[in-house]
Each structure stands twice: as structure tokens, then as C-alpha cells.
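Student: Numbering (the working numbering), first residue to last: 459 to 584.
(1) Under 8 Å, do residue 525 and residue 498 count as touching if we go by C-beta distance?
(2) Judging by CA-CA distance, which residue of 503, 557, 558 is the nearest neighbour of residue 472?
(3) On the CB-based measure, 16 or more other CB atoms within 10 Å of its CB, does residue 520 come out buried or exposed?
(4) If you count every other CB in all the chains shown that lies within 10 Å of the CB of residue 572, and 16 or more means buried, which is it?
(5) Who does residue 501 pair with in a DSSP beta bridge?
(6) Pick helix, strand or coil for residue 537, following the three-state DSSP scheme.
(7) Could you check the C-alpha separation between residue 558 and residue 544 for me, to the nearest Å?
(8) Taking the DSSP output, what are the residues bridged to residue 514?
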């Protein structure tokens, strides 16, 4: 993927992005038939809801980035993935979602406090 830059109104700075290649052959229903934008600077500044620059839900950009493998360092939490049942270093996408690098599914996180300590629960996949 070749990278490009564009101005992001949410981050108030230039961000890097790439566009994936379209598949050479039409795939199964779960494969996209068109190129997709991958924001390489997805992070904490991204708003909940739609990304104002690319017009897709911000979490979708986070999942695309995680699946692309273009970011090597993620904040992680060890947990049991609800989709594959494996214990993995889940990559934290935002305060509500984590990505399983083993099966490439997204898990919902719930953060709660008990006796002044913060805990995280992994709930059903999204």
C-alpha cells in the first residue's frame, strides 16, 4: 500500500492514509469488491461516530488498521476472545473495542471499577 496525506478536521493535522487494492477476483460475500481506506493515524483523537474525513464509523477505520498489520505497537490487554475462545493479546482500538489478532474479530470491552481498581470485561463480539 502506498501512503498519502490529507488534513483531518478531527485531529486538526495532516494524517497518513492508504487505499487497499481491490481483489483480483470476485470473492465470497464476506470479501469487499472495492478498495478501502485505511487511516494509518487512527487513535485517541478520533471521534465516536463518523470520521469527518473519510465518512465511515471511526471504529471501522481502527479495525481496518488492525487487520492491515501496518501498526505494530498497540496497547493490549490479555483476554479470552469471545469469537475464537483463545486467550490472546487483544489490541485495544478504543475505550469500547478490542481486536483479536488470532481470528481478526472485534470484541466489545466494558470497563468498570471495583474497590477503586479498574477492571475490564470482554463481552460479545461486534
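Backbone N, C-alpha and C define an ideal beta-carbon position, used for all residues, glycine too.
Tutor: With the given structure in hand:
(1) On the chain shown, position 67 is the one that residue 525 refers to. On the chain shown, position 40 is the one that residue 498 refers to. Going by C-beta atoms, residue 525 is not nearer than 8 Å to residue 498.
(2) As a first step, residue 472 is located in the chain shown; it is residue number 14 there, counting from the start. It is 503.
(3) Position 62 of the chain shown, counted from the start, is the residue given in the question as residue 520. By the neighbour-count rule (16 or more Cβ atoms within 10 Å), residue 520 is buried.
(4) As a working mapping, residue 572 is identified with position 114 in the chain shown. It counts as exposed.
(5) The residue you call residue 501 lines up with position 43 of the chain shown. Looking at the DSSP assignment, residue 501 forms no beta bridge with any residue, so it has no partner.
(6) Taking the chain shown and counting its residues from 1, one reaches residue 537 at position 79. Residue 537: strand per DSSP, three-state reduction.
(7) Reading the chain shown from its first residue, position 100 is the one you call residue 558. Reading the chain shown from its first residue, position 86 is the one you call residue 544. C-alpha separation (whole angstroms): 9 Å.
(8) Start at 1 with the first residue of the chain shown, and residue 514 comes out as number 56. According to DSSP, which records beta bridges pairwise, residue 514 is partnered with nothing at all.
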